[in-house]
Amino acid sequence: MSSETSAPVRRGRAASVRRWVRRRGWTAGVWLLLLALIGWYTTLIPEFGEFEITSIAKNSLPSVYLALAQGVVVISGGVDLGAGGLMVLSNSTAAALMEGQPPEVTVLIALAVVAGAALLNGFVGWVIAVSRIPDIVVTLATLFIFTGVALMVLPSPGGGTSGQLRYAFTGSTTGIGTNFGPSLIAIAVPTLLFAAWLTRTRTGLSIYAIGSDDHAAYLSGVRVVRAKVTAYATGGGFAGLAGVALTAIANSGDPRFDNAVNGTLNSLAAVVLGGILLGGGVGSVVGAAGAGIIFFTLSPILTAMGIDPNTAQVVRGGVIVAVMVVAGLLQLRRWRTQ
Amino acid sequence: MVIRRSFQVGTGAMVLALVLAGCGGGDDSGDGDGAETFTIAVSNTLVGNQWREQMVCAINAQARVSGVVDDVVLANRDTDASGQISDLEGLISQGVDAIIVNPADRTALDDVIAAADEQGILVISVDQAVTAEAAYNVTNDQVAYAELGARWLFEQLGGSGDVLYMRGFDGHPADADRDEGFQQALADYPDITIANEVFTGWDPSTGAQQALDILSTTQVDGIWTSGIDYTVVEQFEAAGHPYVPIVGADNNGFIQQLIELEGEGLVGAIVTNPPPVGGVATAIATDLLTGAAEHPQDTLLTPEVFNNVDDLPALENLYLPELAQGESATIEIAPWTTYTQQDVLDCKGPGE
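Going down the list, the sequences are from chains B and E.
Just so you know, this note's numbering puts 33 at position 33 of the first sequence, and the rest follows in order with no gaps.
For this note's numbering, add 1000 to where a residue sits in the second sequence, where the first one is 1.
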């Protein structure tokens, strides 16, 4: 900053704004970009109303949850290639067990599936932390294992769930409608609670700490293995929730490997666009959640624009590269000014 | 200064991303120019499959020659039932007049199709039927498809032998229907056993690999394929396995093999499963939209079987040298389609 006559108060305020921008700027930018995209989408279609809001909100739920799942693991300094597989396994298990069951039972199954996914992935995290086998290897294996087990649970697409569970995620017992409240709540509440837990509790901060520098964290008294296991377990829980949401949206399960791979890759893309540093320790899951919605929203927008569907993938990749370039530029600027 | 600059960079980032996301797009004003023109949308969930590509081309071609369609919107990506639901919702939001859907699931689309119907959007399911009441179904009879081919194969084997059963896409409604037909035929031939059952996912290279693996290690007497055929035939030589009777679809490459390798002992039959079913659906859609003609809710196209033992001239008649191997040789379907073969090969929609 140039000198002149800036009073201490003003300087303090400027510093705090600067800090806010540094900390939250990227997250805010992601959500603004999402708003801009949706605003643009409204100009592409004849009418934008409750039906469209509901559609975007509910259909992006799996992407959002998977972005949260991947986000926490990446923040802890790892990567979870198995996240998509766990989503598919949860989706298949939930759909297979819930078919024909009364509403209360389906809710219990949903909770059990989420808890089971958390336990399973917590175990994966423990294996990684204790064995020191690179996470990319272990979770690549779990991607195959989870999808394989999903095929055993549900050999081909099918199953179902209760209308009430569908209502909880989609705002309608038929899974389609104009009631966007439940879907928006299903996006906002888990995301904000999770973000608050990560940034305001001792356990959450320990996940950031081991992602930033696990040796330093260890020397400061952080229990590294425990933090790692917690990161994978909570991530697994969200992958499980993504699977349950898929079941609610489609009223069926789908065990195919393609869905798992797409899930994992999209979650990684969301984490990158969401501003979480791939090295760990930096970023917000709120940004990743917004990025998850952005990647979902691109698809109806591109269709509405009449773009060749094969180009859509190129655009997706282009956005990721552009984001990385911009992130690099920002970082460079920060170094220069400090 | 610093703050302003980082805001500038941030804004630049956003503009850049928006420009990237928007590349190639123009403002699409949709319909509204002519008095009676319509927009037809296509929802497909299997990309890179030649049968599906040809289905889309037949839709484009028929839409073009109909003269009443001003735009064909494609929602085309690899996804599952939940992804197709969101695609269909996007198409409803766009306010298209008709949606031709190749369903990923027989029942999962019921509610979204009902929602489309409420908006006055005509929905036609092609390739296989959906359970939604409002939907029109234009389908090849998949049960008969499998049964006819399987019966020919089992007869050819003299009623006994080990058959390699190469299915399609696990969980896909058409695959389920074909399995039903196959099992019906199998029930009448107690001495036929299934040597191996695999899912090709209707992917030519997957099917080829599976055939190579199995033919290299196992003796089979006959092969039934769910339309992944010409790449399987190519594996006999590689696997050092003698030719055995094989059933496939009306793929151009397979027909060519049946004609050219007939002298070397390849025996096989094609069962027609024409992708121009998309063109039939388009013709029905335009009829219904303009009120030109009524159509029944369900249109079922019956498959035909041609083999290279009795019907070689018929196969030679079907074969089209200018088509790719994986493309179906059946292009026009009377009395519905009015395009020419060239229209489908061009694959151009209205205004392209």
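Yeah, the Cβ is synthetic: ideal placement off N, Cα and C, and Gly gets one too.
(request) Please list the segments of the alpha helix (DSSP H) lying wholly inside the stretch 93-142 of chain B, counting only runs of 4 or more residues, in order along the chain. (result) 103-131
(request) Quick one: list the residues of chain B neighbouring E:A1063, beta-carbon separation under 9 Å, in chain order. (result) Start at 1 with the first residue of the second sequence, and residue 1063 of chain E comes out as number 63. Here the premise fails: no neighbours, minimum Cβ distance about 14 Å.
(message) Nearest by alpha-carbon distance to E:E1260: which of E:N1273, E:F1199, E:I1223, E:V1233 is it?
(response) Numbered from its first residue, the second sequence carries residue 1260 of chain E at position 260. Looking at the Cα atoms, E:V1233 is the closest of the given residues.
(request) Could you check the C-alpha separation between E:Q1209 and B:L37 for me, to the nearest Å? (result) Looking up residue 1209 of chain E in the second sequence gives position 209. Looking up residue 37 of chain B in the first sequence gives position 37. So the two alpha carbons sit approximately 43 Å from each other.
(request) Given a cut-off of 8 Å, decide if B:A117 and B:A288 are closer than it, judged by their beta-carbon atoms. (result) Locating residue 288 of chain B in the first sequence gives position 288, where the first residue counts as 1. Locating residue 117 of chain B in the first sequence gives position 117, where the first residue counts as 1. Not in contact: B:A288 and B:A117 (Cβ atoms no closer than 8 Å).
(request) Please classify E:G1026: does DSSP put it in a helix, a strand, or coil? (result) Position 26 of the second sequence holds residue 1026 of chain E. Residue placement at E:G1026 is poorly supported in this model, since its pLDDT is 37, which falls under 50; the coordinates are not used for a value here.
(request) Would you kindly check if the distance between the Cβ of B:I293 and the Cβ of B:L273 is under 8 Å? (result) Numbered from its first residue, the first sequence carries residue 273 of chain B at position 273. Numbered from its first residue, the first sequence carries residue 293 of chain B at position 293. No. Outside cutoff.
(request) Give every residue of the same chain whose Cβ lies closer than 8 Å to the Cβ of B:R24, excluding the five residues on either side of it in the sequence, and list them in chain order. (result) Mapped onto the first sequence, residue 24 of chain B falls at position 24. The residues are S284.
(request) Please name the residue or residues paired with E:V1098 in a DSSP beta bridge. (result) Residue mapping note: residue 1098 of chain E aligns to position 98 of the second sequence, counting from 1. Per the sequence shown, the amino acid found at residue 1098 of chain E is Ala instead of Val. E:I1040, E:L1122.
(message) For E:D1031 and E:T1039, I'd like the C-alpha separation in whole angstroms.
(response) Taking the second sequence and counting its residues from 1, the one referred to as residue 1031 of chain E is at position 31. Taking the second sequence and counting its residues from 1, the one referred to as residue 1039 of chain E is at position 39. For E:D1031, the pLDDT reaches just 42, beneath the cut-off of 50, and the residue's location in the model is therefore unreliable, although a value from the coordinates is still provided. Whole-angstrom Cα-Cα distance: 7 Å.
(request) Examine chain E for any beta-carbon lying closer than 8 Å to the beta-carbon of B:S92, and answer yes or no. (result) The residue given as residue 92 of chain B occupies position 92 in the first sequence. It does not: the Cβ of B:S92 has no partner Cβ on chain E nearer than 8 Å.
(request) Output the distance between the C-alpha atoms of B:K58 and B:E52, rounded to the nearest integer angstrom. (result) Here residue 58 of chain B refers to the residue found at position 58 of the first sequence. Here residue 52 of chain B refers to the residue found at position 52 of the first sequence. Cα-Cα distance, rounded: 10 Å.
(request) May I ask you to list, following chain order, the residues of the stretch 1102-1117 of chain E that have a beta carbon less than 7 Å from some beta carbon of chain B? (result) D1105, A1108, D1111, V1112, A1115
(message) Counting only beta-carbon separations shorter than 8 Å, does E:I1085 have a partner in chain B?
(response) Indexing the second sequence from 1 puts residue 1085 of chain E at position 85. True, the Cβ-Cβ gap to chain B drops below 8 Å.
(message) Which of the three DSSP states is assigned to E:Y1189 in this structure?
(response) For this step, residue 1189 of chain E is matched to residue 189 along the second sequence. Looking at E:Y1189 - three-state DSSP - the assignment turns out to be coil, as it is neither helix nor strand.
(request) For the alpha helix (DSSP H) containing E:V1065, list its first residue and its last residue. (result) Indexing the second sequence from 1 puts residue 1065 of chain E at position 65. Its alpha helix (DSSP H) spans residues 1050-1066.
(request) Could you tell me which of E:S1086, E:L1320, E:N1044 sits nearest to B:T54, measuring between CA atoms? (result) Position 54 of the first sequence, counted from the first residue, corresponds to residue 54 of chain B. Comparing Cα positions, the closest option is E:S1086.
(message) Quick check on DSSP: helix, strand or coil for E:S1328?
(response) Taking the first residue of the second sequence as 1, we reach residue 1328 of chain E at position 328. Three-state DSSP puts E:S1328 in a strand.
(message) Looking at the secondary structure, which residues open and close the beta strand (DSSP E) in which E:D1162 lies?
(response) For the purposes of this step, residue 1162 of chain E is identified with residue 162 of the second sequence, where counting begins at 1. Unbroken beta strand (DSSP E) run through E:D1162: 1161-1167.
(message) Alpha carbons only, please: which of E:I1223, E:G1067, E:D1191 is nearest the one belonging to E:S1160?
(response) Walking along the second sequence from the start, residue 1160 of chain E turns up at place 160. For E:S1160, the nearest C-alpha among the options comes from E:D1191.
(message) In this structure, how does DSSP classify B:E50 when only helix, strand and coil are distinguished?
(response) For the purposes of this step, residue 50 of chain B is taken as residue 50 along the first sequence, with counting starting at 1. B:E50: helix per DSSP, three-state reduction.
(message) I need the straight-line Cα distance from E:W1051 to E:G1120, nearest angstrom please.
(response) The residue given as residue 1051 of chain E occupies position 51 in the second sequence. The residue given as residue 1120 of chain E occupies position 120 in the second sequence. Approximately 30 Å between the Cα atoms of the pair.
(request) List the residues of chain B whose Cβ lies closer than 9 Å to the Cβ of E:Q1094, in chain order. (result) Within the second sequence, numbered from 1, the residue matching residue 1094 of chain E stands at position 94. Here the neighbours are L44, I45, P46, P300, T303, A304.
(request) Compare the C-beta of B:I53 against all C-beta atoms of chain E and say whether one is closer than 8 Å. (result) Indexing the first sequence from 1 puts residue 53 of chain B at position 53. Closer than 8 Å: no.
(message) Against E:A1081, what residues of chain B qualify as contacts under a CB-to-CB distance less than 8 Å, listed in chain order?
(response) Here residue 1081 of chain E refers to the residue found at position 81 when the second sequence is read from its first residue. Within 8 Å Cβ-Cβ: P157, A250, S252, D254.
(request) Report all residues from its chain with a CB closer than 8 Å to the CB of B:M324; omit the five preceding and five following residues, and keep chain order. (result) Start at 1 with the first residue of the first sequence, and residue 324 of chain B comes out as number 324. So the qualifying residues of the chain are V272.
(request) Check whether the Cβ atoms of E:R1064 and E:P1350 sit closer than 8 Å, and answer yes or no. (result) Your numbering for residue 1064 of chain E matches position 64 in the second sequence. Your numbering for residue 1350 of chain E matches position 350 in the second sequence. Result yes, Cβ atoms of E:R1064 and E:P1350 sit closer than 8 Å.
(request) Alpha carbon to alpha carbon, how far is B:A112 from B:M98? Give it in angstroms, no decimals. (result) By one-based count along the first sequence, residue 98 of chain B stands at place 98. By one-based count along the first sequence, residue 112 of chain B stands at place 112. Taking the straight line joining both Cα atoms gives about 11 Å.
(request) State the CB to CB distance for the pair E:L1301 and E:N1044, rounded to an integer number of angstroms; the pair is presumed to be in contact (CB under 8 Å). (result) In the second sequence, counting from the first residue as 1, residue 1301 of chain E sits at position 301. In the second sequence, counting from the first residue as 1, residue 1044 of chain E sits at position 44. With a Cβ gap of about 19 Å, E:L1301 and E:N1044 do not count as contacting.
(request) May I ask which residues mark the beginning and end of the beta strand (DSSP E) holding E:G1266? (result) Sequence index remark: in the second sequence, residue 1266 of chain E carries index 266 (1-based). A quick correction: the sequence has Leu, not Gly, at residue 1266 of chain E. That residue, E:L1266, is in no beta strand (DSSP E); it is neither H nor E in DSSP.
(request) Throw me the rounded Cβ distance for the E:N1196 and E:Y1230 pair, which I believe falls under 8 Å. (result) Along the second sequence, one-based indexing puts residue 1196 of chain E at 196. Along the second sequence, one-based indexing puts residue 1230 of chain E at 230. That pair is no contact at about 20 Å.
(request) Grab me the residues of B:A216's own chain with a C-beta within less than 6 Å of its C-beta, minus the 5 sequence neighbours each way, in chain order. (result) Residue numbering aside, residue 216 of chain B sits at position 216 when the first sequence is read from its first letter. So the list is empty, once near-sequence residues are dropped.
(message) Going by the DSSP bridge assignment, what does E:W1224 pair with across the sheet?
(response) On the second sequence, residue 1224 of chain E is found 224 positions in, with the first residue counted as 1. Per DSSP, E:Y1165, E:V1247.
(message) What I want to know is whether the C-beta of B:Q331 ends up closer than 7 Å to one or more non-hydrogen atoms of the ligand GTP.
(response) Among the components of this structure there are no ligands whatsoever, and the ligand GTP is therefore not found.
(request) Would you kindly work out how many angstroms separate the C-alpha atoms of E:D1221 and B:T297, rounded to a whole number? (result) For the purposes of this step, residue 1221 of chain E is identified with residue 221 of the second sequence, where counting begins at 1. For the purposes of this step, residue 297 of chain B is identified with residue 297 of the first sequence, where counting begins at 1. Spanning the two alpha carbons is a distance of roughly 51 Å.
(request) May I have the straight-line CA-CA distance separating B:V73 from B:L154, to the nearest angstrom? (result) Along the first sequence, read from residue 1 onward, the residue named residue 73 of chain B stands at position 73. Along the first sequence, read from residue 1 onward, the residue named residue 154 of chain B stands at position 154. Each residue's alpha carbon lies about 28 Å from the other.
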